[in-house]
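Let me begin by presenting the structure, written as structure tokens, before commenting on it.
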Ligand SMILES: Nc1ncnc2c1ncn2[C@@H]1O[C@H](COP(=O)(O)OP(=O)(O)OP(=O)(O)O)[C@@H](O)[C@H]1O
């Protein structure tokens, strides 16, 4: 179970009127307990969704308050939290580190006590589930954006995390692969927290959070939340951003 208690995230940014940096509020204060199997997060660009997602595995630490996963504090038990909480970035290049897909997935599997051959064969099985069997040894830079996004997801799922946090994991995928990944995520036993602009995927969640201006303005039923989100999107001018 994920718990956020009195969480506030702030950052220093240059003061546009000159002088030194100033502190801006990115998210919160908020308290949340996330226990549902499928939690979706929607909101405008820059509203604070990624900040919220990154809090859940300690990629972002709260400026005040605490975030715990099964009782482990992200600020003090970060490594243990990250073993439990897999994170899929929007930009696959932020997480692919090895020159080929098979090596990248094999690296994710390093914690399993397998010899090199067994690890490689497990990596190839995982790649096949993501339609990348024939790309296993192609240089990563030669993969398409969608293939890289699939690889990033494959490498995280290969570690069998207790919780999967996905920050817009299907933005680069065509409709067929988006459906495949949606079905795959829907079928996982693990808890999934999905940040998305895909309102169909959000509608299938057990619980929907709508983030606006660093605040959760809806928490609960997906249909009601999506109605709220659509209203927000119809009234706010995109050029009138807050930051
Ligand atoms: N370290 C930081 N320092 C200053 N500002 C930051 C920092 N991190 C995020 N921000 C700002 O906080 C706001 C929220 O960012 P965040 O990435 O959480 O938004 P988002 O809802 O995920 O947006 P998108 O849908 O565009 O990905 C943005 O205006 C962003 O520029």
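In the UniProt record's numbering, the protein residues as written are 1 to 243. Idealized CB from N, CA, C, for every residue including glycine.
Residue environment for residue 12: exposed (fewer than 16 other C-beta atoms within 10 angstroms of its C-beta). In this structure, DSSP gives residue 108 a helical state, which the three-state scheme calls helix. For residue 211, the three-state secondary structure derived from DSSP is strand. Taken through DSSP and simplified to helix, strand or coil, residue 159 comes out as coil. Cβ-Cβ separation between residue 43 and residue 210: approximately 6 angstroms, consistent with a contact (criterion under 8 angstroms). DSSP places residue 102 in the helix class (H, G or I) of the three-state scheme. Contact between the segment 22-39 and the segment 208-225 is present: 3 or more CB-CB pairs across the two stretches fall below 8 angstroms.
Cβ-Cβ distances below 8 angstroms link residue 93 to 148 in the same chain, with the five nearest sequence neighbours on each side left out; the list follows chain order.
At a cut-off of 7 angstroms, the beta-carbon of residue 209 does not count as near ligand 1: no heavy atom of the ligand is closer than that. In this structure, the CA atom of residue 161 is about 29 angstroms from the CA atom of residue 226. Per DSSP, residue 168 is not a residue of any alpha helix (DSSP H), being assigned neither H nor E. Taking a contact as a CB-CB distance under 8 angstroms, the pair residue 120 and residue 102 counts as one, their CB atoms being some 6 angstroms apart. With fewer than three CB-CB distances shorter than 8 angstroms, the segment 151-159 does not count as touching the segment 67-80.
Per DSSP, reduced to three states, the secondary structure at residue 149 is helical. By the Cβ rule, the segment 123-139 counts as touching the segment 95-109, because three or more pairs are nearer than 8 angstroms. Residue 43: member of the beta strand (DSSP E) spanning 38-43, first to last residue.
Counting only heavy atoms of ligand 1, the residues whose C-beta sits closer than 6 angstroms to one of them are, along the chain, 11, 13, 26, 43, 45, 46, 47, 48, 49, 50, 51, 243.
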